[in-house]
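So for the sequence shown, numbering that gives the first Met the number 0 puts the first residue at 0; every next one is plus one.
Each residue gets a CB set at the ideal place from its N, CA and C atoms; glycine is no exception.
In this text the structure is predicted, and so the values were computed from the model without any measurement.
Report on one structure; see the data block that follows.
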Amino acid sequence: MAATTLRTTDFLDALAADVEQAREVANRRFRSLTDDQLNRGPGPGKWSVGQCLEHLNIVGGLYLPVISRKIKAARERGSSPADTVAHGYFGRKMTDAMRVPASEKTMKTPQQYAPSGSRLPRTVVEVFSRQLDELSNLIEQARRVNANAIRIPNPIIPLLLPRLTDALELLVEHMKRHIGQAERVLDSREL
């Protein structure tokens, strides 16, 4: 079955909307948490809200600066936007895997991307908020270049170079997965 053609503007609009939804959830549910609420996990070996956010901060800290440099270099080369989005085979597979609900398929986090501890400072929420700002900005910048032609090194498998379209979508889906996880931690405590 052939993949549907998606206009680049529609694709980036959807990603931007997902980031705004994440910002709304973070402001409404995470910003007002006490230290204890932020760090209380649902059980042994299960991440707290703070650990979910720190994991997202670690991954964002690896991807976002690289994406920023790659977009800047493309703009300096005179790149212009493509009308439609193209996805690579591996980028699509990684994103599709991230969309599988955690209840159906858990994923093992490589140690270097795992949260550093079980007692995290409240600044983890602020760092996450700043990364949402940066991701929103990068999505806006991606509108001015050919995001299909820019390759972003994967921090886990460096030889894998997904397109910027795939990297942005993967980051957003990854964020949605862990925000959902953090919300389930909060919801389980409210019962």
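Could you tell me which residues DSSP puts in a beta bridge with T8? T8 is not bridged to any residue.
Pull the bridge partners of R150 from the DSSP assignment, please. In DSSP, R150 forms a bridge with R162.
Could you check whether the stretch 78-91 touches the stretch 25-41, counting it as contact only if at least three pairs of C-beta atoms, one from each stretch, sit closer than 8 Å? no
What is the DSSP secondary structure of T83, reduced to helix, strand or coil? strand
Nonlocal neighbours in the same chain, by C-beta distance under 7 Å from L63, ignoring five residues either side: Q130, E133, L134, L137
Cβ distance (whole Å) where H54 is taken to contact P120 below 8 Å: Between H54 and P120 the beta-carbon gap is near 15 Å, outside 8 Å, which marks them as no contact.
By how many angstroms is the C-alpha of I178 removed from the C-alpha of N215? Lying outside 0 to 190, the shown extent of the chain, residue 215 is not represented and no answer is given.
Taking 8 Å as the threshold (C-beta atoms), are L163 and A146 in contact? Yes.
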